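Here is the structure we will look at, set down as structure tokens.
Number of protein chains: 4
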Amino acid sequence: MTRLRLGMVGGGEGAFIGAVHRMAAALDGDWQLVAGAFSTDASRNERTGESLGLDSQRVYPSLDTMIAREQAVSADQRIDAVAIVTPNYLHAPMAIAALNAGFHVFCEKPMAMSVTEAEAIAKAARASGQRFALAFTYSGYPLIEEARVRIARGDLGKIRLVQVEYLQGWLSLPIDTDGNKQAEWRTDPARAGIGGCLGDIGTHAFQLAEHVSGLRVQSVSADVATHVPGRRLDDDVSALLRFAGGARGTLKASQVAAGEENGLKLRIHGERGGLEWAQMEPNTLMLRWLDRPTEIVRAGGPGLHDGATALLRTPAGHPEGYIEAFANLYRAFAAAIRGSNDRSFPGVVDGLRTMRFIEAVIENAGSDKKWTMIDSGENA
Amino acid sequence: MTRLRLGMVGGGEGAFIGAVHRMAAALDGDWQLVAGAFSTDASRNERTGESLGLDSQRVYPSLDTMIAREQAVSADQRIDAVAIVTPNYLHAPMAIAALNAGFHVFCEKPMAMSVTEAEAIAKAARASGQRFALAFTYSGYPLIEEARVRIARGDLGKIRLVQVEYLQGWLSLPIDTDGNKQAEWRTDPARAGIGGCLGDIGTHAFQLAEHVSGLRVQSVSADVATHVPGRRLDDDVSALLRFAGGARGTLKASQVAAGEENGLKLRIHGERGGLEWAQMEPNTLMLRWLDRPTEIVRAGGPGLHDGATALLRTPAGHPEGYIEAFANLYRAFAAAIRGSNDRSFPGVVDGLRTMRFIEAVIENAGSDKKWTMIDSGENA
Amino acid sequence: MTRLRLGMVGGGEGAFIGAVHRMAAALDGDWQLVAGAFSTDASRNERTGESLGLDSQRVYPSLDTMIAREQAVSADQRIDAVAIVTPNYLHAPMAIAALNAGFHVFCEKPMAMSVTEAEAIAKAARASGQRFALAFTYSGYPLIEEARVRIARGDLGKIRLVQVEYLQGWLSLPIDTDGNKQAEWRTDPARAGIGGCLGDIGTHAFQLAEHVSGLRVQSVSADVATHVPGRRLDDDVSALLRFAGGARGTLKASQVAAGEENGLKLRIHGERGGLEWAQMEPNTLMLRWLDRPTEIVRAGGPGLHDGATALLRTPAGHPEGYIEAFANLYRAFAAAIRGSNDRSFPGVVDGLRTMRFIEAVIENAGSDKKWTMIDSGENA
Amino acid sequence: MTRLRLGMVGGGEGAFIGAVHRMAAALDGDWQLVAGAFSTDASRNERTGESLGLDSQRVYPSLDTMIAREQAVSADQRIDAVAIVTPNYLHAPMAIAALNAGFHVFCEKPMAMSVTEAEAIAKAARASGQRFALAFTYSGYPLIEEARVRIARGDLGKIRLVQVEYLQGWLSLPIDTDGNKQAEWRTDPARAGIGGCLGDIGTHAFQLAEHVSGLRVQSVSADVATHVPGRRLDDDVSALLRFAGGARGTLKASQVAAGEENGLKLRIHGERGGLEWAQMEPNTLMLRWLDRPTEIVRAGGPGLHDGATALLRTPAGHPEGYIEAFANLYRAFAAAIRGSNDRSFPGVVDGLRTMRFIEAVIENAGSDKKWTMIDSGENA
């Protein structure tokens, strides 16, 4: 089976998430990175391509050049997809350009700067017939799939409570004005959008809550804070959620929870029991029950359904982690491009929902009213 | 040192919390139970007194009789204090009667049915000069004291985030209409007050958050739900909190989190680090830091300040639990009666704050406005 | 129900274990401490009695005096039992004297200085018809009882592996020559016996392993070390165990595992699954299975058998700990004295087995042979 | 930077460890799989090559053919190294053939069937000047490197105790006679050698204990059992260890610990503190101290030394696991081939030590003597 060919925009040396995309794409042998426009700094771009062993002819100064030149390459060598790993403000124009040029797109989250932009991507994806994947990485964990399926098949009964939190501490100090590139653009409205912590990790929390519960948030009541003086975007978000069907939820995201690492945690309770999953111990799913002892469902262990097992590469007790979860998205993305529908991955719908969530939170937090509706997105 | 003498109202055989009070009072040898009005059912009252080895002359049909008769007992035999372990609606009349009669009072929480009632107790306590303790048991844990002191002395820097949650699952089914006495009165507005889950455990969460953080909640935005059909009071509460000084908080309390036991958990983050304490593993306090590894401060282990060590009875690694925490309150209550001010215990102020919190939550949850102020309680 | 009356020998102010015995005896209201010979230092003895609120007439200079005087007290006031909380070398003479005088005995472990002494106690207990309890406290935990019953009824299938460990670090430094009283006598062969760490905590590990597994150790191969220079007894023990029926085991006990608190942990695996219990989180029993997810059986939670539930005082999620476990032994001891056989407690058989274990380990560790048999103790 | 080229022998479709080697080699882009002799079954061999996208000309029927043909390939296309992922009995002949032919070798553990065979590999490696890596995967975890360095620099003081255990349950039933290929060869002396569980996972435990402690085991006292009737090799090992310098150790390895997954755990205590690492939560290293709170050192978190940080690919809180640890070995192996000495990897010395350990355990377990020396291996 020949590998699919990937071109990457962004992700020059020193960037975090570009390297993760490359490892995730490489892990299972579905993808080969063959082209890139890694940096607008020509020498950094060149160095990155070289260190990755790319043909220098396919290290491009920009996405536009990549698109133009790759369209001229013979079909059996041409890139199949573009990975977009740039700051948020470039997602929409780049995704639309790549889709319109006939390339599939694997894009970093959040989808765009606004619902309007996100809808434009959605439209381009529909029109072009190309696949659009969004890096809601946490959906790729096997035990998230286990959790999703168990709720969908009714193990917990009707869902009553959804609690999701995502706690980081890395923005506790004003490093955004102190030369930290990652912090800099994430706290700059022109590059990140209207949400800071909200857009960066609040979106992950929201997407995971809806993805696993299978429920849609109807309305939100939110408090948004900027704890570090001088910071231009929020660094801390709290929200009450009301789901269609009556479930109640809370969402907490913070990047000033000093000492926390990457604490994404989801708890969902239904009539008969509850489940708990924490990203930092991703191979464990706790199932609590009204009438029998708590169970620990483990990656590779007994009780896992086939769909979750299929997302694993090793036997029980051999920890798989973040890169493997990410690789599961790239694998599903490849399978879809090859025509299989066996595995889903986050895409247009997840992206639109999270953009609507961002806008609803910001609107509500700035108002005196208790609840703000989240558009159901029928027209997505 | 002679023991202080305790009379108990409520807590007949089969009741949960009365037995806990008795064990807590007995543990350290400060108290001796010598009198009781355990039940309005005469034979149950008698049997309880007998099983506890009480002199049958001091097993009374009612608090009023207890008060009248004990006042006639010689001072060196008379009860020093009354423990009130009845449903909420009896707290205020009983506490006021006992205080006015010259007895100290150790009362179950919540303090009363309303702020108005609570203020009447406060007034009686002031007027009588008697001590009034409230069973906010969780304040009695040694590592809660450690947490409180560390925040007070600034270890974490300025506090930014307070997250408190209290998850139980025991009311997931409609057991309140199925003969469960504990559930029955707790879901009956006439006996429990305007808050169900809110009054029963939301108050614990609120008190603990304020007690440890040393901060006061200024305003609250809340969502209150009743998930079990037919239930007359809330069984699930979510709230956003704004603290004086700028800290933001979340409070979650639920009695329909199916499969959860008694999951009270507090997390507080400041500029430099955060702490985490969970009631179900109470001998551990996690301290997370921006710039150094997370520390596990342990009951009896290195790093504990003297005030916390004084609340322990055994060396490190010998678990102490709920009854010991409760006993710490009885010990502090006894010390105060004997004239020492070394140890504090929850009382009038904590009680009034929580009653104001209950009323603010219910008001906010029933309105369209985002925030409801909590009275600062200057007149407490 | 009137309380049983307890006299205590040892346990003067400052001692650790005497205070624990007093709290454990007080907790459930079965016992009342009415007499004591707390210290050979007359003023310390007096102060202890006074602080405990004892009648000064019943604070005796020695056990012998206590025995003589109490025998003269009227039967309805006389002590029922003697708690012996002295260093090891006094256990046998004191226990025998008390038993022979017609008092029940609750004795600290290890039972005695040698198998010979232990057999003499056993003989006195038989001859006197009095009850003899040994403070193998860990047997009193509810989830130890749950584990024992589950193995006895075959949940795990035939037992193959038993792993027990008890790690402490408090003797990592030479505090025994530095004024620490607890360390001093425990490392003195004249007061502690031939085992240091072995006798102090190795015995707990051994007793728990046999108690829960229901199996008897037939032979042992051991390595015994003294890591701290100048120390006169072992501070570290490792042993391989062979059980009757074919199970294999390991036992590790150390008091120089620097940084460890009181790490007693038991793991037992059978054909179909395994269980794990750790004293520092005593309310949890992990059950692992070949063919289904691991279960967490919790104190007060679903799945507990009645015998374990009966050892609890509070609902699930309210931690009970070391003192409560100890109190369960005092409660069972009281019940037995009152004629009930419902609850067992560790006694003569456990004591003799552990003394035989001590002697076998010391013999084996000093020899070149692989295995040393442990006498089956038929004549116990 | 061009990739190194890898040929693989063994690892046909369905095999576990071959796929792990391929993912580990791919992850960081250092290696490209270009040739293979995956199976002696021709069609399985072909299918495996095809599914991996290999040129069919480089899918060979045997290692010998691979060697012969690759030697004829131009140097810039020829494989640099051979990965040997066959059952144990083929390790020595294959490794020696590949080394002698001028290829580097990355071999599965245990190194060989005997010390004699292992010495022959060692000799071939020395003579050929080629690199020889052994898949002691657990050495590749970042926090194992952290632990090793902390002990080497004396953080814990002189080491006193080493406890290592490796518990699996997958051989609890007689699956070796029931068609399970993995179980079949591992319990067949002709293919696995004289150790079953001992060779398969006991070697991992032993290697990790020596690697991290920096100490050498001098003598061993062991008990070896076969719990499943009819099984031809051991499935359970217990050993006492004596280290040069006076430290004492225990080693436990079992494949019949029903319900356990892949429970490799290492604890080492010195004069001032202890550390604990468990493979199933590999991103955490617990550091316990005599005089200050326990610290949790985390992958990517504060306190990590640079050598451990260099083994990570993601920020703190993004779990890395088994495949990443494995990839660290492939990365170090590549670096060594390219001439760097920055990173070490397990090789000849580790292999010889573990083979000597296997032989010492089997000898001791079959004898009546207490201790068996492990050859110091000066001639390695």
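Just so you know, the sequences run in chain order A, B, C and D. Per the numbering used here, the first sequence starts with residue 3, numbered consecutively. Per the numbering used here, the second sequence starts with residue 3, numbered consecutively. Per the numbering used here, the third sequence starts with residue 3, numbered consecutively. Per the numbering used here, the fourth sequence starts with residue 3, numbered consecutively. Where is the CB? At the ideal position from N, CA and C, for every residue including glycine. The structure presented is a predicted model; accordingly, all values stated were derived computationally and were not measured.
Secondary structure at Asn381(D), three-state DSSP: helix, strand or coil?
-> As a first step, residue 381(D) must be located in the fourth sequence, where it is residue number 379. Unreliable positioning characterises Asn381(D) in this predicted model, as indicated by a pLDDT of 48, which lies under 50. A coordinate reading is not provided.
Quick one, are the C-beta atoms of Gly251(C) and Gly261(D) less than 8 Å apart?
-> In the third sequence, counting from the first residue as 1, residue 251(C) sits at position 249. In the fourth sequence, counting from the first residue as 1, residue 261(D) sits at position 259. Contact flag unset, no.
Opening and closing residue of the alpha helix (DSSP H) in which Thr252(D) lies = Along the fourth sequence, one-based indexing puts residue 252(D) at 250. According to the DSSP assignment, Thr252(D) belongs to no alpha helix (DSSP H) but to the beta strand (DSSP E) extending over 250-256.
Residues of the segment 13-45 of chain C whose Cβ lies closer than 8 Å to any Cβ of chain B, in chain order = Phe18, Ala21, Val22, Arg24, Met25, Ala28, Leu29, Asp30, Gly31
Drop a sphere of 10 angstroms on the beta-carbon of Lys183(B), count the other beta-carbons inside from all chains shown, and report buried for 16 or more, exposed for fewer.
-> For the purposes of this step, residue 183(B) is taken as residue 181 along the second sequence, with counting starting at 1. Exposed: under 16 other Cβ atoms inside 10 Å.
Could you pull the start and end residues of the beta strand (DSSP E) that Trp187(D) belongs to?
-> Taking the fourth sequence and counting its residues from 1, one reaches residue 187(D) at position 185. From DSSP, Trp187(D) is part of no beta strand (DSSP E) but of the alpha helix (DSSP H) over 183-188.
Contact set between Met282(B) and chain C, taken where Cβ atoms lie within less than 7 Å | For the purposes of this step, residue 282(B) is identified with residue 280 of the second sequence, where counting begins at 1. Within chain C, the C-beta atoms nearer than 7 Å to that of Met282(B) come from Gly319, Pro321, in chain order.
Anticipated Cβ contact below 8 Å, Ile98(C) with Val164(C), distance rounded | Here residue 98(C) refers to the residue found at position 96 of the third sequence. Here residue 164(C) refers to the residue found at position 162 of the third sequence. With 8 Å as the limit, Ile98(C) and Val164(C) do not qualify as a contact, their Cβ atoms being about 33 Å apart.
Close-in-space but distant-in-sequence residues of the same chain around Ile177(A) (CB under 8 Å, 5 per side omitted) | Along the first sequence, read from residue 1 onward, the residue named residue 177(A) stands at position 175. These residues qualify, in order along the chain: Ala185.
Starting from Ala39(C), follow the beta strand (DSSP E) in both directions and report where the run begins and ends.
-> In the third sequence, the residue the question calls residue 39(C) occupies position 37. Unbroken beta strand (DSSP E) run through Ala39(C): 33-39.
By how many angstroms is the C-alpha of Gly12(B) removed from the C-alpha of Tyr62(B)?
-> As a position in the second sequence, residue 62(B) is number 60, starting the count at 1. As a position in the second sequence, residue 12(B) is number 10, starting the count at 1. Their Cα atoms are separated by approximately 11 Å.
Beta bridge counterpart(s) of Ala417(A) as assigned by DSSP = Because chain A spans 3 through 382 in this model, residue 417(A) falls outside it and cannot be assessed.
Test: Ile298(B) CB closer than 8 Å to a CB of chain D | Here residue 298(B) is taken as the residue at index 296 of the second sequence, counted from 1. Taking Cβ atoms only, chain D reaches closer than 8 Å to Ile298(B), which makes this a yes.
Examine chain A for any beta-carbon lying closer than 8 Å to the beta-carbon of Gly276(B), and answer yes or no.
-> In the second sequence, residue 276(B) corresponds to position 274, counting from 1. By this cut-off, Gly276(B) is an interface position.
Any 3 or more C-beta pairs closer than 8 Å across the segment 369-379 of chain A and the segment 34-51 of chain B | no
Between which two residues does the alpha helix (DSSP H) carrying Thr296(A) extend?
-> Looking up residue 296(A) in the first sequence gives position 294. No alpha helix (DSSP H) holds Thr296(A); the beta strand (DSSP E) holding it covers 296-300.
Quick one, which of Val107(A), His23(A), His229(A) has its alpha-carbon nearest Asp82(A)'s?
-> Position 80 of the first sequence, counted from the first residue, corresponds to residue 82(A). Comparing Cα-Cα distances from Asp82(A) to each of Val107(A), His23(A), His229(A), the minimum goes to Val107(A).
So, using beta-carbon positions, are Tyr143(C) and Gly265(C) closer together than 8 Å?
-> The sequence position of residue 143(C) within the third sequence is 141, counting from 1. The sequence position of residue 265(C) within the third sequence is 263, counting from 1. Not closer than 8 Å, so no.
Thr118(D): buried (16+ other C-beta within 10 angstroms of its C-beta) or exposed?
-> Residue numbering aside, residue 118(D) sits at position 116 when the fourth sequence is read from its first letter. Exposure of Thr118(D) is indicated by the presence of fewer than 16 other C-beta atoms within 10 angstroms of its C-beta.
Please go through the same chain and pick out, in chain order, the residues whose beta-carbon is closer than 6 Å to the beta-carbon of Phe134(D), but skip the five residues on each side of it.
-> In the fourth sequence, residue 134(D) corresponds to position 132, counting from 1. The answer, listed in chain order, is Val107, Ala127, Gly349, Val350.
6 Å Cβ shell around Ala100(C) - same chain, five flanking residues per side excluded | Residue mapping note: residue 100(C) aligns to position 98 of the third sequence, counting from 1. For Ala100(C), where only same-chain residues beyond five positions count, the Cβ hits under 6 Å are Val84, Val107.
Closest to Leu253(B) by CA distance: which of Leu314(B), Arg152(B), Pro95(B), Asp225(B) is it?
-> As a first step, residue 253(B) must be located in the second sequence, where it is residue number 251. Selected option, being the one with the closest Cα: Asp225(B).
Spatial distance of Gly195(A) from Arg152(A) (CA atoms) = Position 193 of the first sequence holds residue 195(A). Position 150 of the first sequence holds residue 152(A). If I take the Cα positions, the gap works out to 35 Å.
Answer with yes or no whether the minimum CB distance from Asp236(B) to chain A is below 8 Å.
-> Taking the first residue of the second sequence as position 1, residue 236(B) is located at position 234. No, Asp236(B) lies away from the interface with chain A (no Cβ there is under 8 Å from its Cβ).
Using only alpha-carbon positions, find the residue among Leu6(D), Gln59(D), Arg218(D) that is nearest to Trp401(D).
-> Lying before the first or after the last residue shown, residue 401(D) is absent from chain D, which here runs from 3 to 382.
Classification of Lys111(D) by the beta-carbon crowding that lies within 10 angstroms, buried from 16 upward = Counting from 1 along the fourth sequence, the entry for residue 111(D) is found at position 109. Looking at its Cβ environment, which holds 16 or more other Cβ atoms inside 10 Å, Lys111(D) is buried.
Quick one: residues in its chain with C-beta nearer than 7 Å to the C-beta of Glu365(B), no 5 flanking neighbours on either side, listed in chain order?
-> Here residue 365(B) is taken as the residue at index 363 of the second sequence, counted from 1. Closer than 7 Å at the Cβ level, and outside the excluded window around Glu365(B), lie Thr374.
Along chain B, which residues have their Cβ under 7 Å away from the Cβ of Gly303(D)?
-> Translated into positions along the fourth sequence, residue 303(D) becomes position 301. Within chain B, the residues near Gly303(D) are Pro295.
Nearest candidate by alpha-carbon position, reference Ala17(D), set Ala70(A), Thr316(A), Gly38(A) = Locating residue 17(D) in the fourth sequence gives position 15, where the first residue counts as 1. If we check each option's Cα against that of Ala17(D), Thr316(A) comes out closest.
Asn381(C) to Arg345(C) span [Cα, whole Å] | Numbered from 1 along the third sequence, position 379 holds the residue referred to as residue 381(C). Numbered from 1 along the third sequence, position 343 holds the residue referred to as residue 345(C). Confidence in Asn381(C) is poor, its pLDDT being 48 and thus under 50, which makes the residue's placement unreliable; the coordinate value appears in the next sentence. Rounded to the nearest angstrom, the gap between the Cα atoms of Asn381(C) and Arg345(C) is 24 Å.
Taking just the CA atoms, how far does Ile146(B) sit from Ile19(B)?
-> As a working mapping, residue 19(B) is identified with position 17 in the second sequence. As a working mapping, residue 146(B) is identified with position 144 in the second sequence. The alpha-carbon atoms of Ile19(B) and Ile146(B) are separated by roughly 21 Å.
Cα separation between His229(B) and Ala114(B)?
-> The residue given as residue 229(B) occupies position 227 in the second sequence. The residue given as residue 114(B) occupies position 112 in the second sequence. Approximately 25 Å between the Cα atoms of the pair.
What's the gap between the Cα of Leu8(D) and the Cα of Glu322(B)?
-> Numbered from its first residue, the fourth sequence carries residue 8(D) at position 6. Numbered from its first residue, the second sequence carries residue 322(B) at position 320. Rounded to the nearest angstrom, the two C-alpha atoms are 58 Å apart.
Residue range of the alpha helix (DSSP H) that Lys125(C) falls in?
-> Here residue 125(C) is taken as the residue at index 123 of the third sequence, counted from 1. Note, Lys125(C): alpha helix (DSSP H), 117-130.
Between which two residues does the alpha helix (DSSP H) containing Thr311(D) stretch?
-> Taking the first residue of the fourth sequence as position 1, residue 311(D) is located at position 309. Its alpha helix (DSSP H) spans residues 308-311.
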